[in-house]
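Just so you know, the protein sequences line up as chains A and H, in that order. Anchor point for the first sequence: position 200 equals 200 in the working numbering, and the numbering is continuous, going up by one each time. Anchor point for the second sequence: position 84 equals 84 in the working numbering, and the numbering is continuous, going up by one each time. Think of the CB as a built atom: it goes at the ideal place given N, C-alpha and C, for glycine as much as any other residue. Below you'll find the structure, written out as structure tokens, and then a few comments.
There are 2 protein chains.
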Amino acid sequence: MTSIRERNQELILRAASEEFADKGFAATKTSDIAAKAGLPKPNVYYYFKSKENLYREVLESIIEPLLAASAPFNQPGRPAEVLKAYIRSKIRISRELPFASKVFASEIMHGAPHLSPEQTEQLNAQAKHNISCIQRWIDQGLMAKVDPHHLMFSIWAATQTYADFDWQISTVTGKGSLDDEDYEAAVRTITRLVIKGCDIDETVPSASEQVSNA
Amino acid sequence: MTSIRERNQELILRAASEEFADKGFAATKTSDIAAKAGLPKPNVYYYFKSKENLYREVLESIIEPLLAASAPFNQPGRPAEVLKAYIRSKIRISRELPFASKVFASEIMHGAPHLSPEQTEQLNAQAKHNISCIQRWIDQGLMAKVDPHHLMFSIWAATQTYADFDWQISTVTGKGSLDDEDYEAAVRTITRLVIKGCDIDETVPSASEQVSNA
DNA sequence: GTCTATATCTGGATAGAC
DNA sequence: GTCTATCCAGATATAGAC
Chain A
1 MTSIRERNQE
11 LILRAASEEF
21 ADKGFAATKT
31 SDIAAKAGLP
41 KPNVYYYFKS
51 KENLYREVLE
61 SIIEPLLAAS
71 APFNQPGRPA
81 EVLKAYIRSK
91 IRISRELPFA
101 SKVFASEIMH
111 GAPHLSPEQT
121 EQLNAQAKHN
131 ISCIQRWIDQ
141 GLMAKVDPHH
151 LMFSIWAATQ
161 TYADFDWQIS
171 TVTGKGSLDD
181 EDYEAAVRTI
191 TRLVIKGCDI
201 DETVPSASEQ
211 VSNA
Chain H
1 MTSIRERNQE
11 LILRAASEEF
21 ADKGFAATKT
31 SDIAAKAGLP
41 KPNVYYYFKS
51 KENLYREVLE
61 SIIEPLLAAS
71 APFNQPGRPA
81 EVLKAYIRSK
91 IRISRELPFA
101 SKVFASEIMH
111 GAPHLSPEQT
121 EQLNAQAKHN
131 ISCIQRWIDQ
141 GLMAKVDPHH
151 LMFSIWAATQ
161 TYADFDWQIS
171 TVTGKGSLDD
181 EDYEAAVRTI
191 TRLVIKGCDI
201 DETVPSASEQ
211 VSNA
């Protein structure tokens, strides 16, 4: 059973995500959040103590999905399959969590003043892990000598842009919102740039080769 | 000769760029802008009427450089040279106009509420021109069939990220700021992804071929 | 737990002296 | 043209009735 408490907190969180994504932290009014949630303003303060607290909860909600997107890097795998899965996950986050994604982007853009040192460290550690993973592939001759840092920056940017700069994308494409095929095209394009751009072998290892690895 | 007026306007504009880039429009206090410019607050209002007006001037200052970056698309040229020049220009803007770049990014992220219809139209027209230019190259068999819209989104994102998400880049690389070689590596990486990713021929046409084109 | 009414404070903007 | 002192709108946050 869902209590009124849980329901209202969820309504407020959802409304807050959208407002913060749309206007930014400072420009967002708690009264607008309350109105969008269909609740009186003091309820916002009752459930979440302060505007900043509420903001931090929205921000926190995106950390776990972001870390989860790096899962392909956390198990053994060949460059093609890991990078493809990673790009797909990142695009999925942009599509399915567009508001929290934007809040996160805005937060990073302003120097991450609300991220806790622990969150910063978690994200940074994962990023460094991914980068060293790419460096290893380069050392093993599995891909071209591309600067792994800059490669990661390009992948992040290219995938995040579908959430962060949706207005620009709508304006240029002339579409109000992108459909399944548009997101598939995005994944295809970014994947192609990365795979071909890094000279990565796309052929699947044969059964015998797979067995011989064991 | 530079009048006091010009000097003060310049000081205020520079301070405003930094503050708006750092905190965003709503979170920026005019008193902080004045303080950073080394002038009393009413001077800000004397020279620029309102906070919003000042913000619009900062925003406007980046439009022309952004349009100018598309110059390679506005004259005949082969894919490799045009795209290379474009990527280099975009990275240069991120490096040389980091504050205005960030202000622009933030503006776009929130749906461009302060951009005039004319500015929107100018930017959009240029974007569409660039995209149709890429489509023509594809039709002519000069590059692979990559969706031109998504290719442009990736190039914008990958180049803008050096201004917008400088905090992330500093955190991950462990460097306070990037040097010449870092920016060269960025250009090299993005260029490689685009050129190789789109199967673009990099060989320079021979003198005879160049003549035969005339 | 919920909401009306209100306190309090921040920050954009300006009047008016110099 | 410049700046001190001040006004006041608007937003966060809460007291206290229900």
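Residue i classed as buried or exposed, judged by whether at least 16 other C-beta atoms fall within 10 angstroms
i	result
D166 of chain A	buried
K84 of chain A	buried
N213 of chain H	With a pLDDT of 47 at N213 of chain H, under the threshold of 50, the modelled position of this residue cannot be trusted, and the question is left open.
I4 of chain H	exposed
E10 of chain H	exposed
H129 of chain A	exposed
Y55 of chain H	buried
V204 of chain A	exposed
A37 of chain A	buried
S70 of chain A	buried
D154 of chain H	First, the residue type needs correcting, since residue 154 of chain H is Ser and not Asp in the sequence shown. Flag for S154 of chain H reads buried.
A157 of chain A	buried
G24 of chain H	buried
Q168 of chain H	buried
A16 of chain A	buried
P148 of chain A	buried
I202 of chain H	Inspection of the sequence shows that residue 202 of chain H is occupied by Glu rather than by Ile. When all chains shown are included, E202 of chain H counts as exposed.
A68 of chain A	exposed
A144 of chain H	exposed
S233 of chain H	Shown here, chain H extends from 1 to 214; a query on residue 233 of chain H therefore has no answer.
K19 of chain H	In the sequence as presented, Lys is not what sits at residue 19 of chain H; that position holds Glu. By the neighbour-count rule (16 or more Cβ atoms within 10 Å), E19 of chain H is buried.
K29 of chain H	exposed
Run of the alpha helix (DSSP H) containing residue i, from where it starts to where it stops
i	result
E202 of chain A	From DSSP, E202 of chain A is part of no alpha helix (DSSP H); its letter is neither H nor E.
F73 of chain A	It is not in any alpha helix (DSSP H) - F73 of chain A carries neither H nor E in the DSSP assignment.
M217 of chain H	Because chain H in this structure spans residues 1 to 214, residue 217 of chain H falls outside the shown range and cannot be described.
L123 of chain H	117-139
Residue closest to residue i, alpha-carbon to alpha-carbon, out of the options
i	options	result
E60 of chain A	A:T30, A:A34, A:L97	A:L97
Y86 of chain A	A:E10, A:Q126, A:Q140, A:A100	A:Q126
I108 of chain H	H:R7, H:S50, H:D164	H:D164
A80 of chain A	A:W137, A:F153, A:I91, A:R95	A:W137
N124 of chain A	H:N74, H:D147, H:L178, H:S170	H:S170
R92 of chain A	A:R7, A:T28, A:L39, A:T161	A:T161
T191 of chain A	H:G197, H:N43, H:P148, H:R188	H:G197
V172 of chain A	H:V194, H:S177, H:Q122, H:G141	H:Q122
E6 of chain A	A:T30, A:F48, A:D32, A:K41	A:F48
P65 of chain A	A:I195, A:K90, A:Y46, A:V82	A:K90
G176 of chain H	A:L115, A:G111, A:F104	A:G111
Cβ distance (whole Å) where residue i is taken to contact residue j below 8 Å
i	j	result
I131 of chain A	A100 of chain A	With 8 Å as the limit, I131 of chain A and A100 of chain A do not qualify as a contact, their Cβ atoms being about 24 Å apart.
K102 of chain H	A186 of chain H	K102 of chain H to A186 of chain H, Cβ: 17 Å. No contact.
N43 of chain H	N74 of chain H	Actually they are not in contact, since the Cβ atoms of N43 of chain H and N74 of chain H sit about 40 Å apart, beyond 8 Å.
L13 of chain H	E57 of chain H	6 Å
R95 of chain H	Y183 of chain H	6 Å
L151 of chain H	T159 of chain A	That pair is no contact at about 14 Å.
A26 of chain A	A27 of chain H	4 Å
L193 of chain H	L193 of chain A	4 Å
Beta strand (DSSP E) runs contained entirely in the region 9-45 of chain H, provided each spans 3 or more residues: The region 9-45 of chain H contains no whole beta strand (DSSP E) run of 3 or more residues.
3-residue-minimum beta strand (DSSP E) runs that sit fully inside the region 152-203 of chain H, ordered along the chain: For the region 152-203 of chain H, there is no continuous beta strand (DSSP E) assignment of 3+ residues that stays within its boundaries.
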